[in-house]
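Counting the sequence shown from 1 gives a position; this note's numbering is that position plus 3. Structure, as structure tokens:
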Amino acid sequence: MNETLITGASSGIGRAFAERLAAAGHDLIVVARRKDRLAELARSLSGVNVEVVVADLATDQGIDAVAELCAARPLTMLINNAGLAHYMPTGELPAAKARELVQVKVAAPTLLTRAALPGMLARGAGTIVSVAGMLAFSATAPVPERQGRAVYVGTLAHTVAMTQSLHAELAGTPIKAHVVCPGIVATEFHEVQGMDLSALPRMSAADVVTAALAGLDRGEVVSAPGVEDYGLLESVFGADLAAFGGQSAQLASRYRN
């Protein structure tokens with residue numbers, strides 16, 4: 004039996020994952036805040052069991068409830084997709100919104116993954132997919148005035164780094180860790196922020212799912228649906244390791260005198 008838990012399943016990329024995996028015969032546990040949308044999604048999927056779970060991953064209670072499910076159920080796949088934007092310069096970002104970002108994009112994926120892994124390891128099978136974004140690689144890019152998003156970018160970078168480290172931890176086991184990094188996707192994600200990106204080229208949520216699943220099959224740890232030359236990413240990862248390996252216990256000469 005294939006059973007997959009998907010967070011943020013009520014729309015966008017999460018819904019696209021649900022539709023694709025249901026078509027492939029996966030029973031689903033779909034998690035989001037909006038019960039009406041989850042119920043509509045469940046009605047639209049046939050031939051599989053779909054369990055609706057209403058939870059707010061911006062809260063400790065919501066995270067704990069879903070983590071309990073991840074620990075108790077024989078999941079073959081966990082998809083950490085829930086997200087929100089809150090694009091705002093850090094000095095103007097209300098504490099409540101900063102906390103929501105960290106809860107949904109850092110705490111929730113971390114704790115759900117931690118809860119699901121022991122069972123996957125015991126069963127000898129499992130895949131953990133997290134959704135980040137190409138903004139994870141944009142930290143040094145200039146940002147247009149009043150378009151700050153440092154906290155958001157930081158959460159995506161965390162997701163990439165955690166997945167890569169998790170992949171290394173799981174070496175020698177059959178468990179897979181994967182992160183997909185799309186660019187701008189044609190969902191309601193930006194609209195809820197009051198941002199109209201309809202004039203920009205946007206990828207479909209279905210294509211993001213295609214890339215993630217194909218990337219898994221190809222053995223990629225990080226998939227980038229819109230990057231034609233994967234060597235660009237390999238260069239980034241190689242430079243990271245080169246910098247890490249280039250350290251010593253001696254103070255670098257540029258810091259002396």
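The beta-carbon is built from N, C-alpha and C at its ideal position, and this holds for glycine as well. Values in this document were obtained by computation on a predicted structure and should not be read as measured data.
- Burial state of Pro-112 is buried, judged by a 10 Å Cβ sphere holding 16 or more other Cβ atoms.
- The count of Cβ pairs closer than 8 Å, one atom from the stretch 97-109 and one from the stretch 46-58, stays below three, leaving the stretches out of contact.
- Distance check between Ala-128 and each of Gln-253, Met-4, Val-182 places Met-4 closest, using alpha-carbon atoms only.
- According to the DSSP assignment, Val-239 belongs to the alpha helix (DSSP H) that extends over 234-248.
- Taking a contact as a CB-CB distance under 8 Å, the pair His-181 and Thr-166 counts as one, their CB atoms being some 7 Å apart.
- When DSSP states are grouped into helix, strand and coil, Ala-252 belongs to the coil group.
- Taking one beta carbon from each stretch, the stretch 73-83 and the stretch 34-48 have fewer than 3 pairs nearer than 8 Å; the two do not touch.
- In this chain, Glu-223 is not harboured by any alpha helix (DSSP H), its DSSP state being neither H nor E.
- When secondary structure is reduced to three states using DSSP, Val-146 falls in the coil class, being assigned neither helix nor strand.
- Going by DSSP, Thr-166 is part of no beta strand (DSSP E) but of the alpha helix (DSSP H) stretching over 153-172.
- Contact between the stretch 16-33 and the stretch 105-125 is absent: fewer than 3 CB-CB pairs across the two stretches fall below 8 Å.
- Put simply, of Glu-6, Gly-15, Gly-186 the residue whose alpha carbon is nearest the alpha carbon of Ala-26 is Glu-6.
- Excluding residues up to 5 positions away in sequence, Val-53, Val-55 lie with their Cβ nearer than 6 Å to the Cβ of Ala-45 in the same chain.
- For Asp-67, no pairing in a beta bridge is given by DSSP.
- Counting C-beta pairs with one atom in each stretch, the stretch 114-130 and the stretch 149-160 have fewer than three that are closer than 8 Å, which means they do not touch.
- Non-local C-beta neighbours of Gly-11 in its own chain, meaning closer than 7 Å and more than five positions away in sequence, comprise Gly-17, Ala-35, Asn-84, Ala-85, Gly-86, ordered along the chain.
- The shortest C-alpha to C-alpha distance from Gly-229 to any of Ser-238, Ala-214, Glu-237 is the one to Ala-214.
- Under the three-state reduction of DSSP output, Leu-8 falls in the strand class.
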